[in-house]
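See below for the structure under consideration.
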Amino acid sequence: MNNSLFLHTQKDNLDWPKKVIGTNANSCRFCKSHSVTFKNRSHSVPEMLGNKSVFTINECDSCNKKFAKYETELAKFIPPSFITRIKGKNGFKEVHLKGGRKISGDFGFINIHSDLEALNKGLDVVMPKFSQVKVYKAHY
Numbered sequence: 008m009n010n011s012l013f014l015h016t017q018k019d020n021l022d023w024p025k026k027v028i029g030t031n032a033n034s035c036r037f038c039k040s041h042s043v044t045f046k047n048r049s050h051s052v053p054e055m056l057g058n059k060s061v062f063t064i065n066e067c068d069s070c071n072k073k074f075a076k077y078e079t080e081l082a083k084f085i086p087p088s089f090i091t092r093i094k095g096k097n098g099f100k101e102v103h104l105k106g107g108r109k110i111s112g113d114f115g116f117i118n119i120h121s122d123l124e125a126l127n128k129g130l131d132v133v134m135p136k137f138s139q140v141k142v143y144k145a146h147y
């Protein structure tokens, strides 16, 4: 029998149709600059929140880089992917703990790699420090 603390299912959205927001303008919708490049794929909602199919067409590379800093702080704020079960660019992120222990997950399971003696003492997962202002800015 498989005992789980909780169950969560994320739909594999690779089969969802790609949606592009914006117009093919020669200026960025955020900084309004005309002398910019548009080489990066800009997610309208951060990919680490599960978005694999909605993109912004007129977000310049400079603004995309700026927003990435906010999203990095947002990633520190939300629970690790082994809890949220949201798959990122590089799969599910592992959390490494002291003593060589690690926690990982996928769509079906949370895996705790540890010896039994260490598990009896408990597991403390400490969230990294983050900038509250940048987390706020990631939402807008």
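Residue numbers for the sequence shown follow the working numbering, so the first one is 8 and each next one is one higher. Note that CB positions come from ideal geometry on N, CA and C, so glycine has one too. In this text the structure is predicted, and so the values were computed from the model without any measurement.
query = What is the DSSP secondary structure of residue 84, reduced to helix, strand or coil?
reply = helix
Coarse secondary structure for residue 63, derived from DSSP in three states = strand
message = Taking the alpha carbon of residue 152 as the reference point, which residue from 42, 103, 26, 82 has its own alpha carbon closest?
response = Residue 152 lies beyond the residue range present for the chain, which begins at 8 and ends at 147; the question has no answer from this structure.
request  = Can you tell me which of 29, 115, 99, 106 puts its alpha carbon nearest to the alpha carbon of residue 56?
outcome  = 99
key: Inter-stretch contact at 8 Å, needing at least 3 Cβ pairs: the region 56-67 / the region 112-127   = no
request  = Using a threshold of 8 Å, state whether the C-beta atoms of residue 49 and residue 58 are closer than that.
outcome  = no
task = With a cut-off of 8 Å on the beta carbons, I'd call residue 84 and residue 142 a contact; round off their distance for me.
result = 5 Å
Closest Cα partner of residue 33 within the set 26, 44, 24 = 44
task = Leaving out five residues on either side along the sequence, give the residues of the same chain with a beta carbon under 8 Å from the beta carbon of residue 101.
result = 89, 109, 110, 111
request  = Check the DSSP bridge columns for residue 115 and list the partner residues they point to.
outcome  = For residue 115, which the question treats as bridged, DSSP gives no partner whatsoever.
key: Buried versus exposed call for residue 71 [16 or more other C-beta atoms within 10 Å across all chains shown]   = buried
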